[in-house]
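Asks: Take the sequence shown: its position 108, counted from the start at 1, is 107 in numbering that gives the first Met the number 0, and no numbers get skipped.
Don't be surprised by glycine CBs; every beta carbon is placed ideally from N, CA and C.
As the structure is a computational prediction, the values presented were derived from the model and not from experiment.
One structure follows; several queries about it will come next.
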Amino acid sequence: MGWDRDLPKYMPFENLTYSAVWKAKSYQLILVKNIADASSNDTLSIEFQKEITNVLDPDSVGYSFVKWVPELPEFMPAEDVTVTAVWSQNIYRYVVYETEDDSTVVELTYGAKVPELKASSRDGYTFLQWDVEIPATMPATDYVVHAVWSQNTYRFVVYTSDLDSTEALFHY
Numbered sequence: 000m001g002w003d004r005d006l007p008k009y010m011p012f013e014n015l016t017y018s019a020v021w022k023a024k025s026y027q028l029i030l031v032k033n034i035a036d037a038s039s040n041d042t043l044s045i046e047f048q049k050e051i052t053n054v055l056d057p058d059s060v061g062y063s064f065v066k067w068v069p070e071l072p073e074f075m076p077a078e079d080v081t082v083t084a085v086w087s088q089n090i091y092r093y094v095v096y097e098t099e100d101d102s103t104v105v106e107l108t109y110g111a112k113v114p115e116l117k118a119s120s121r122d123g124y125t126f127l128q129w130d131v132e133i134p135a136t137m138p139a140t141d142y143v144v145h146a147v148w149s150q151n152t153y154r155f156v157v158y159t160s161d162l163d164s165t166e167a168l169f170h171y
């Protein structure tokens, strides 16, 4: 950067000592958070030999951060460094209730194809619909689906003679 004091125009009749003033160069620390989306990368300018602090672990919907590869250095080296985030897909529960007492639990990773649902038969009931829209892929949350049933109504007729009958409605 220069000297610690101004140099004289002419050499005086005495010894002079000057010290060089140095400034550390800065290098780039590139944090690749998502390989598929370069816009999610962060580039930090850090001086040589400065401690690397305040680098937060990234987050992404449906994934958990595992580590940086290669490992994030403790101090900035005399070169640009690129580290890439390693992720694991989160696993969520997909719960299907056909009745209050009959459920199926499937664990699916985020973004996995959700299996097609078909309601089974139920004596005395007619399946109407599922209570929520079934997603095509697993969302980043546990997902619960309930079958909506209509109770069937049956007519019970008792004939006591050709002209006389008793009729009753009952539910299964």
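With a threshold of 8 Å on Cβ separation, who are the neighbours of W67 within its own chain once the five nearest residues in sequence on each side are excluded?
Replies: Once the five neighbours on either side are set aside, the close Cβ partners of W67 are L30, V82, T83, A84, V85.
Asks: Taking Cβ positions, are V144 and V95 nearer each other than 8 Å?
Replies: yes
Asks: State buried or exposed for K32, treating a residue as buried only when at least 16 other CB atoms are found within 10 Å of its CB.
Replies: buried
Asks: Going along the chain, which residues of its own chain have a beta-carbon closer than 7 Å to the beta-carbon of I51, five neighbours each way excluded?
Replies: For I51, the CB contacts under 7 Å within the same chain, skipping 5 residues up- and downstream, are L28, I45, L71, P72, E73, F74, M75 in chain order.
Asks: Measure how close the beta-carbons of A146 and F126 come, nearest whole angstrom, since I'm counting them as under 8 Å.
Replies: 6 Å
Asks: Would you grab the beta carbon distance between V104 and R92 for me? Rounded to a whole angstrom, and I think it's under 8 Å.
Replies: Indeed they touch by this definition, with Cβ atoms about 6 Å apart.
Asks: Is the CB-CB distance between V60 and A139 below 8 Å?
Replies: yes
Asks: Determine the DSSP secondary structure at S59, reduced to helix, strand or coil.
Replies: strand
Asks: With a floor of 4 residues, list each alpha helix (DSSP H) that falls wholly inside the stretch 105-147, ordered by position along the chain.
Replies: none
Asks: Please report how far the alpha carbon of D141 lies from the alpha carbon of A23, in whole angstroms.
Replies: Rounded to whole angstroms, D141 to A23 spans 50 Å at the Cα level.
Asks: Suppose you measure from the CA of S25 to the CA of P11; what does that come to, to the nearest Å?
Replies: 38 Å
Asks: Which of the three DSSP states, helix, strand or coil, is assigned to S87?
Replies: Note: S87 maps to strand in three-state DSSP.
Asks: If you run the structure through DSSP and keep just helix, strand and coil, what is S102?
Replies: DSSP, read as helix, strand or coil, puts S102 in strand.
Asks: How big is the Cα-Cα spacing for D56 and V65?
Replies: 9 Å
Asks: Need the endpoints of the beta strand (DSSP E) that I29 sits in, please.
Replies: In the DSSP annotation of this structure, the continuous segment of the beta strand (DSSP E) that includes I29 starts and ends at 25-31.
Asks: Measuring straight from C-alpha to C-alpha, what distance separates I90 and E78?
Replies: 38 Å
Asks: Please state whether the Cβ-Cβ distance between I133 and L107 is less than 8 Å.
Replies: no
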